[in-house]
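Asks: There's a structure below that I have some questions on.
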């Protein structure tokens, strides 16, 4: 097996789809962990806290420390702490994972739906017309607009369902303002995730989407791996200008290539 590798691994469509574990994911994580490879599980999904993600993985038979999990919500909170002063007024349109990441005693941000300085938005399973209206009005009055990610869809057991990008498109259409994006394909999420890993070693990005996972990895010069267990297909690869360095059917096939010394190629 190769030495000095660091892995940034997507979750939805790579490790699991909905509540179904995908082929080879448990074995892959166990092997790279036992071999001493540092890794982080990096997801654009902002709806769950790292603890909730770790509990979900545990329920699927995978034990992962929550400190290995970097969500777009966590990355957004870390980014906002560098940009906004203590006590800044923040409107959050999103699920529990985003609320809990933003509003901590350490961050000292103040929830404000009347006169926010920042509107931070992600996937919201309880979205309402009123929430969208208030976000649009705040942005038109000058509030800064930040998005966890722009994924229009994400995979579930039932099929593709609306992601943050589908909801944020409404806000952009009304206000004419594009958000500052923290998640993939923008590089902020991967840069922040690297803070959770040792500083040395080749970075391997593993994802299921050309337009987010692979694009973000390419922008940063990382080695990219697309697995065909999520959104992007072989046809998508042919049609896209964004080409992954490697393509595998699933993590099981990637693991075999890693064990046999065929990945990564010298």
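Numbering (our numbering), first residue to last: 28 to 293.
No residue lacks a Cβ here, since even glycine has one placed at the ideal position from N, Cα and C.
(1) Locate the alpha helix (DSSP H) running through residue 103, then write down its first and last residues.
(2) Would residue 216 and residue 69 be called neighbours here (beta carbons separated by less than 9 Å)?
(3) Just tell me which of 188, 267 and 135 has its CA closest to the CA of residue 238.
(4) Are the Cβ atoms of residue 106 and residue 265 separated by less than 9 Å?
(5) In the DSSP assignment, find the unbroken alpha helix (DSSP H) run with residue 275 in it and report its ends.
(6) For residue 200, count neighbouring C-beta atoms within 10 Å of its own C-beta (all shown protein chains included) and say buried if the count is 16 or more, exposed if not.
(7) Which value, in whole angstroms, describes the spacing of the CA atoms of residue 271 and residue 112?
(8) Could you check where the alpha helix (DSSP H) with residue 219 kicks off and where it finishes?
(9) Using DSSP bridges, identify the partner residues of residue 250.
(10) Give every residue of the same chain whose Cβ lies closer than 7 Å to the Cβ of residue 104, excluding the five residues on either side of it in the sequence, and list them in chain order.
(11) Between residue 244 and residue 232, which are expected to be in contact by the criterion C-beta below 8 Å, what is the C-beta distance as a whole number of angstroms?
(12) Residue 241 to residue 252, Cα distance in whole Å?
(13) Confirm, please, whether the CB-CB distance from residue 165 to residue 206 is below 9 Å.
(14) Determine the burial state of residue 81: buried for a count of at least 16 other Cβ atoms within 10 Å of its Cβ, exposed for fewer.
(15) If you draw a straight line from the alpha carbon of residue 150 to that of residue 288, how long is it in whole angstroms?
(16) Decide if residue 156 is buried, meaning its Cβ has at least 16 other Cβ atoms within 10 Å, or exposed.
(17) Does the segment 179 to 196 come within contact of the segment 45 to 56, defined as at least 3 CB pairs closer than 8 Å?
(18) Would residue 50 and residue 273 qualify as a contact pair, given that the criterion is a beta-carbon distance under 9 Å?
(19) Exposed or buried, which one is residue 260 when buried takes at least 16 other CB atoms within 10 Å?
(20) Would you tell me roughly how many angstroms separate the C-alpha atoms of residue 74 and residue 122, rounded to the nearest one?
(21) For residue 292, tell me which candidate among 250, 203, 226 and 101 has the shortest Cα-Cα distance.
(22) Contact defined as beta carbons within less than 8 Å: I believe residue 72 pairs with residue 38. What is the distance between those atoms, to the nearest angstrom?
(23) Since residue 162 and residue 118 are thought to touch, with beta carbons under 8 Å apart, how far apart are those beta carbons, to the nearest angstrom?
(24) Work out the CA separation of residue 171 and residue 114 for me, nearest whole Å.
(25) Got a sec, what are the start and stop residues for the alpha helix (DSSP H) residue 86 sits in?
Replies: On the basis of the coordinates in this document:
(1) For residue 103, the enclosing alpha helix (DSSP H) starts and ends at 99 to 110.
(2) Taking 9 Å as the Cβ cut-off, residue 216 and residue 69 qualify as a contacting pair.
(3) Nearest C-alpha to residue 238 among 188, 267 and 135: 267.
(4) No.
(5) Not the alpha helix (DSSP H): residue 275 falls in the beta strand (DSSP E), residues 273 to 275.
(6) Residue 200 should be labelled exposed.
(7) Separation of residue 271 and residue 112 (C-alpha to C-alpha, rounded to the nearest whole angstrom) is 39 Å.
(8) DSSP places residue 219 inside the alpha helix (DSSP H), whose first and last residues are 215 to 221.
(9) Paired residue(s): 231.
(10) So the qualifying residues of the chain are 128, 129 and 134.
(11) Right, the Cβ-Cβ distance comes to about 3 Å (below 8 Å), so this counts as a contact.
(12) Using only the alpha carbons, I get a separation of about 7 Å.
(13) No, the Cβ-Cβ distance between residue 206 and residue 165 is not below 9 Å.
(14) For residue 81, the number of other beta carbons within 10 angstroms of its own is at least 16, and it is reported as buried.
(15) The alpha-carbon atoms of residue 150 and residue 288 are separated by roughly 40 Å.
(16) Flag for residue 156 reads exposed.
(17) Yes, since at least three Cβ pairs between the segment 179 to 196 and the segment 45 to 56 fall closer than 8 Å, the two stretches touch.
(18) The Cβ atoms of residue 50 and residue 273 do not sit closer than 9 Å to each other.
(19) With fewer than 16 other Cβ atoms within 10 Å, it is exposed.
(20) Going by C-alpha positions, residue 74 is about 5 Å away from residue 122.
(21) The candidate whose alpha carbon is nearest that of residue 292 is 250.
(22) About 7 Å separates the two Cβ atoms, so the contact holds.
(23) For residue 162 against residue 118, the beta-carbon gap comes to about 6 Å, under 8 Å, which counts as contact.
(24) Distance from the CA of residue 114 to the CA of residue 171, rounded to the nearest whole angstrom, comes to 15 Å.
(25) Counting along the chain, the alpha helix (DSSP H) containing residue 86 begins and ends at 77 to 86.
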